[in-house]
Ligand code: G1P
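In the working numbering, the protein residues as written are 5 to 284.
What follows is the structure in structure tokens.
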């Protein structure tokens, strides 16, 4: 059973400036909960209990979020707000947290390589927290883990996107081996729309086996001059089986304004049963 989940949280979140100038993009709240907490809850609900972060300077709020806040506890003690932290307290007791820093932004491939000091020689999950995912029956990581039990190989989550948006994503090509399971032949990071081999876009949920590490050593800087995880998984797919899971559920790109607002509305609707009634 896979227990470790690696969160790549070193990125600047430039699409959300100025909000992300001093605040990690993963701490942006959807309603009253930061994005990263949704991701950790998903990992824990899927049965993972060792939460690892590749973090960076200016990201200390994430470590503080998953730590006790004794002054706040004392402040809330005996008040009506005393229970406000129960949810995150329960989350904190159901897993362990560890951190390593990426001192220069050199891309997700480089970040996963650095994360090896935390993830070690075992298979592990990977989450990009600005993709907020809600599964239909089970969450997206749980869907990937269930496939891992059968295939024991690296897995990427994919969803179909409009063809004109393929240049925003890693795009998977291959052949279907069962409903919603694609055997991957190639993965291309952000191809030009005309060159995209499909409209199956990689979403920020992965299961990786340690076989990824030698491939991470082989890749060169790719899109944006960064070491792309997609490129390493593509190399792996040429040597070993890699599958893509067309998951059941929704995904919001909370690194974009539209996705962030849509996610906020969706979560509000789920919680209150109606959209916010705005006074004008
Ligand atoms: C990253 C990955 C890309 C993936 C996307 C999903 O890109 O590199 O392959 O499709 O996340 O959100 P980013 O959005 O960080 O540019």
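By construction, the Cβ of each residue, glycine as well, lies at the ideal position given by its N, Cα and C atoms.
At least one heavy atom of ligand 1 lies less than 8 Å from the C-beta of residue 172.
Secondary structure remark: continuous alpha helix (DSSP H) runs of at least 4 residues inside the region 173-250, in chain order: 216-222, 233-243.
At least one heavy atom of ligand 1 is found less than 8 Å from the C-beta of residue 259. The alpha carbon of residue 239 has as its nearest neighbour, out of 190, 194, 85, 74, the alpha carbon of 190. Between the region 228-247 and the region 14-32 there are fewer than three inter-stretch CB-CB distances shorter than 8 Å, so the stretches are not counted as touching.
Within the region 97-163, complete beta strand (DSSP E) segments of at least 3 residues are found at 100-105, 128-131, 135-139, given in chain order. It is roughly 37 Å from the alpha-carbon of residue 217 to the alpha-carbon of residue 270. As the crow flies, the alpha-carbon of residue 184 is around 14 Å from that of residue 154. About 5 Å separates the CB atoms of residue 70 and residue 101; that is less than 8 Å, so the two are in contact. When the beta-carbon positions are compared, residue 209 and residue 116 stay at least 9 Å from each other. Counting the other CB atoms within 10 Å of its CB gives residue 50 a total of 16 or more, which places it among the buried residues.
Not a single heavy atom of ligand 1 lies less than 8 Å from the C-beta of residue 199.
Nearest neighbour of residue 135 by Cα position, chosen from 276, 281, 264, turns out to be 264.
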